[in-house]
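**Student:** Please read through the structure below; I'll follow up with questions.
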Amino acid sequence: MLETRETNVAVEKSQLVGIAVPYNEWAEINGPVKFREQFEPGSINVPDSVVLQYGHEPGPIPLARVGAGTMTFRESSEGLVFSAELPDSATDVREALERGDLDGSVSIGFYDVTDSKKATPRSSVTYWRTVTAATLDHLAIVKTPAYSSAIGNLK
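The numbering used here applies: residue 33 is where the sequence shown begins, and numbers increase by one.
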């Protein structure tokens, strides 16, 4: 099952750079079941098929792709860092980011999750979840992030 999580990034010029997933940061996930979640360092596998897209619904043409060399990921102490070269044709996305119409928030779609859950019977959330392994499906530019410290810049 594909899951999604949002964060913030910033954009400059034609390269979008930031943190796709901050590590060891708790985020409250408000789905059918309300829970808190964090990712452990090194928990995300990034295959060549990972794309950058606007929103979680796949569009007709991705904005960047790992296998094409237009997007890269690397580990840092803060989280999973990404860099994506936006195509010349993405003027609408670039302009929306530069003007602040989009604030640079990003979200990941992921699957093949290995996690641990701790029940929280007297809490506002059902459980706390720590993701120890997951495979990245895509990175999406979104309006509202789940992880507030995921930050990117346009360079």
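Yeah, the Cβ is synthetic: ideal placement off N, Cα and C, and Gly gets one too.
Taking CB distances under 8 Å as the criterion, tell me whether residue 135 reaches chain B.
**Tutor:** Note that chain B does not occur in the displayed structure, where there is just one protein chain.
**Student:** Can you name the residues that DSSP bridges to residue 160?
**Tutor:** In the DSSP output, where bridge partners are listed per residue, residue 160 has 68 and 150.
**Student:** Can you give the Cα-Cα distance for residue 73 and residue 103, rounded to whole angstroms?
**Tutor:** Cα to Cα, the separation comes out at about 20 Å.
**Student:** Measure how close the beta-carbons of residue 151 and residue 143 come, nearest whole angstrom, since I'm counting them as under 8 Å.
**Tutor:** Incorrect: roughly 24 Å between the Cβ atoms, too far for contact.
**Student:** First and last residue of the beta strand (DSSP E) that includes residue 117?
**Tutor:** Looking at the DSSP string, the run of the beta strand (DSSP E) that includes residue 117 is 111-117.
**Student:** Are the CB atoms of residue 168 and residue 78 nearer to each other than 8 Å?
**Tutor:** Yes, these two residues count as a Cβ contact at 8 Å.
**Student:** Let me know the secondary structure DSSP gives residue 57 once reduced to three states.
**Tutor:** Three-state DSSP puts residue 57 in coil, outside helix and strand.
**Student:** Tell me whether the beta-carbon of residue 140 lies closer than 8 Å to the beta-carbon of residue 86.
**Tutor:** No, the pair does not count as a contact, with Cβ atoms beyond the cut-off.
**Student:** Tell me the rounded alpha-carbon separation between residue 119 and residue 61.
**Tutor:** Going from the Cα of residue 119 to the Cα of residue 61 covers about 32 Å.
**Student:** For residue 123, which of helix, strand or coil comes out of DSSP?
**Tutor:** Here residue 123 sits in helix by DSSP.
**Student:** Going by the beta-carbon positions, is the gap between residue 116 and residue 129 smaller than 8 Å?
**Tutor:** No, the Cβ-Cβ distance between residue 116 and residue 129 is not below 8 Å.
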